[in-house]
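J.:
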Amino acid sequence: MHAYLITAKPGRWRRFARGLRVCTVRILALLVMAALATVVFPLRCLRPVVIYLATRAAWLELWASSVTGIGPVGAAIGSGLTDEFVKEFHRARTSATN
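Residue numbering for the sequence shown follows our numbering, starting at 1 and increasing by one per position.
Written out as structure tokens, the structure reads:
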């Protein structure tokens with residue numbers, strides 16, 4: 001129950017300004033969500049394609065390393081990057097304040 005139901009109600013201009021502010025904030029929030037959706041949706045749609053291409057590239061690298069006798073360079077680099085990512089993620093997770 002609002003306090004102005006017992007006492008004096010706000011004026012028309014004040015109620016109009018509050019309604020305008022609420023509508024403006026909601027429209028801005030909707031625009032921000034729409035802008036984020038235009039970025040996130042294509043990335044989500046491309047995810048299976050990226051995974052497929054990464055898998056094919058890994059197989060191609062393994063085939064090339066078996067033919068040439070040179071070890072797979074991407075695997076060594078990728079595992080190092082993964083280790084660093086895990087360390088950074090763990091550091092960020094444990095040092096985060098609640």
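Every residue, glycine too, gets a C-beta built ideally from N, C-alpha and C.
What is the rounded straight-line gap between the Cα of CYS45 and the Cα of ARG14?
T.: If I take the Cα positions, the gap works out to 46 Å.
J.: Which stretch, first to last residue, makes up the alpha helix (DSSP H) that contains TYR27?
T.: First, the residue type needs correcting, since residue 27 is Ile and not Tyr in the sequence shown. Where ILE27 is concerned, the enclosing alpha helix (DSSP H) stretches over 12-68.
J.: Between which residues of its own chain and GLY11 is the CB-CB distance below 8 Å, once the five residues before and five after are set aside?
T.: Here the set comprises nothing.
J.: Using 8 Å as the threshold, is the region 72-92 in touch with the region 56-64, meaning 3 or more CB pairs across them?
T.: Yes, since at least three Cβ pairs between the region 72-92 and the region 56-64 fall closer than 8 Å, the two stretches touch.
J.: To the nearest angstrom, how far is it from the Cα of HIS90 to the Cα of LEU20?
T.: Roughly 45 Å between the two C-alpha positions.
J.: For LYS87, which three-state DSSP category applies?
T.: In the structure shown, LYS87 sits in a helix (DSSP, three-state: H, G or I).
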